[in-house]
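What follows is one structure encoded as structure tokens, with my remarks underneath.
Residue numbers (the working numbering): 272 to 568.
What follows is the structure, encoded as structure tokens:
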């Protein structure tokens, strides 16, 4: 009987020690595992800024997280479909439109401050003189544009009267232009400089120096509609980064040089309507959008 009591006391003390040891250890919070679309190639730089901004937003909240690309590369339409079906991918960034916001959960903070809708033109060298005679939108509409099949820009251009030649894949669009399967390729002023460095088709492409198109547009982070907790987390982080200036600092670090090189003040921008711009687009928040007047200050 005494032996039994002694054994019970020893077991009790051991349990207490184990409990104290357990309580004394740090409690590790769960990590958010976030899978984004794999870039189309190692040269594709379009993923880098959104990932840097996503990391900034998550850092603002103090959570643990792990970002990784999807196992395969898919066209944008497929990425969005996999996100909607909640298969592997759980975040995508894309130019918004009314249909996309019906199917997915948008975080309505424009990642590129609206500059995704400021477009300048890649053209072939042999087309340079023809573009010098264009001084109205009516003249420009006579030229055929090139764009991605499932890009939200394509219906914007077609609604304005342009003939638009498309391809489902990104890289072949530059070969299409080089092979005269279209007259110009409108690109965001934030994308075009990297693309001129990366893509070297047989017939050289150049940046047309005096013209552009402009329409209201926003690229958002999109999530599955059932993933409201992660959406809330990212939105909270983005709002904090906007308030403390880190959003603008990151944007300028990535893009100020490109904006300056594009020489916006020397270009004529023709304005288009974005027929698919959702009503909930936060146009009333000037701090979310690029302003040419502020850039010239």
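Ideal placement from N, C-alpha and C gives every residue a C-beta, glycine not left out. All figures in this text were calculated on a predicted structure; none of them were measured in a lab.
Query, Result
"Taking only the alpha-carbon atoms, compute the straight-line gap between residue 374 and residue 347 and give it to the nearest angstrom.", "14 angstroms"
"By the DSSP assignment, the alpha helix (DSSP H) with residue 480 in it spans what residues?", "Looking at the DSSP string, residue 480 is not in any alpha helix (DSSP H), and its letter there is neither H nor E."
"So, for residue 344: in the same chain, excluding its five sequence neighbours on each side, which residues have a beta-carbon less than 6 angstroms away from its beta-carbon?", "309 and 311"
"So, at 7 angstroms on beta carbons, what are the nonlocal neighbours of residue 526 in its own chain, with the 5 sequence-adjacent residues on each side left out?", "461"
"Could you tell me which uninterrupted alpha helix (DSSP H) segments, each at least 4 residues in length, are contained entirely in the stretch 358 to 446, listed from first to last along the chain?", "369 to 374, 399 to 402, 408 to 411 and 424 to 430"
"If you pair each beta-carbon of the stretch 494 to 512 with each one of the stretch 391 to 399, do three or more pairs fall below 8 angstroms?", "no"
"How long is the line joining the alpha carbons of residue 545 and residue 426, rounded to whole angstroms?", "8 angstroms"
"Taking 8 angstroms as the threshold, find out whether the stretch 508 to 515 comes into contact with the stretch 525 to 544 through three or more Cβ pairs.", "no"
"Write down the C-beta distance between residue 321 and residue 390 rounded to the nearest angstrom, noting that I regard them as a contact closer than 8 angstroms.", "No, residue 321 and residue 390 are not in contact; Cβ-Cβ is about 19 angstroms, not under 8 angstroms."
"Pull up the distance between the alpha-carbon of residue 508 and that of residue 554, whole angstroms please.", "20 angstroms"
"Could you tell me the boundaries of the beta strand (DSSP E) in which residue 560 lies?", "Where residue 560 is concerned, there is no enclosing beta strand (DSSP E), given that its DSSP letter is neither H nor E."
"Tell me, to the nearest whole angstrom, how far the beta carbon of residue 364 is from that of residue 490; I am working on the premise that it is less than 8 angstroms.", "6 angstroms"
"Could you tell me which of 434, 404 and 532 sits nearest to residue 452, measuring between CA atoms?", "434"
"Which residues does DSSP list as the beta-bridge partners of residue 338?", "305"
"What would DSSP say about residue 312, mapped onto helix, strand or coil?", "coil"
"Do residue 445 and residue 480 come within 7 angstroms of each other at the CB atom, strictly closer than that value?", "no"
"Between which two residues does the beta strand (DSSP E) carrying residue 491 extend?", "490 to 494"
"What does DSSP give as the partner residue(s) for residue 321 in the beta ladder?", "The partner list for residue 321 (beta bridge, DSSP) is empty, contrary to what the question assumes."
"Give me the DSSP bridge partner(s) of residue 352.", "DSSP, once it has assigned bridges, lists no residue as partnering residue 352."
"I need the straight-line Cα distance from residue 534 to residue 430, nearest angstrom please.", "28 angstroms"
"Please state whether DSSP places residue 511 in a helix, a strand or coil.", "helix"
"Between residue 552 and the rest of its own chain, which residues show a CB-CB distance below 8 angstroms, the 5 nearest in sequence each way excluded?", "367, 379, 487 and 489"
"Considering only the alpha carbon of each residue, which of 422, 562, 529 and 362 lies closest to residue 307?", "362"
"By the 10 Å Cβ neighbour count, where 16 or more other Cβ atoms means buried, how is residue 228 classified, buried or exposed?", "As displayed, the chain neither begins before 272 nor continues past 568, which places residue 228 out of reach and without an answer."
"Could you name the residues that DSSP lists as bridge partners for residue 457?", "392"
"Could you tell me whether the Cβ atoms of residue 354 and residue 547 are closer together than 7 angstroms?", "no"
"With a cut-off of 8 angstroms on the beta carbons, I'd call residue 560 and residue 381 a contact; round off their distance for me.", "7 angstroms"
"Cβ of residue 416 within 7 angstroms of Cβ of residue 455?", "yes"
"Please identify the residue among 466, 482 and 483 whose C-alpha is closest to the C-alpha of residue 475.", "466"
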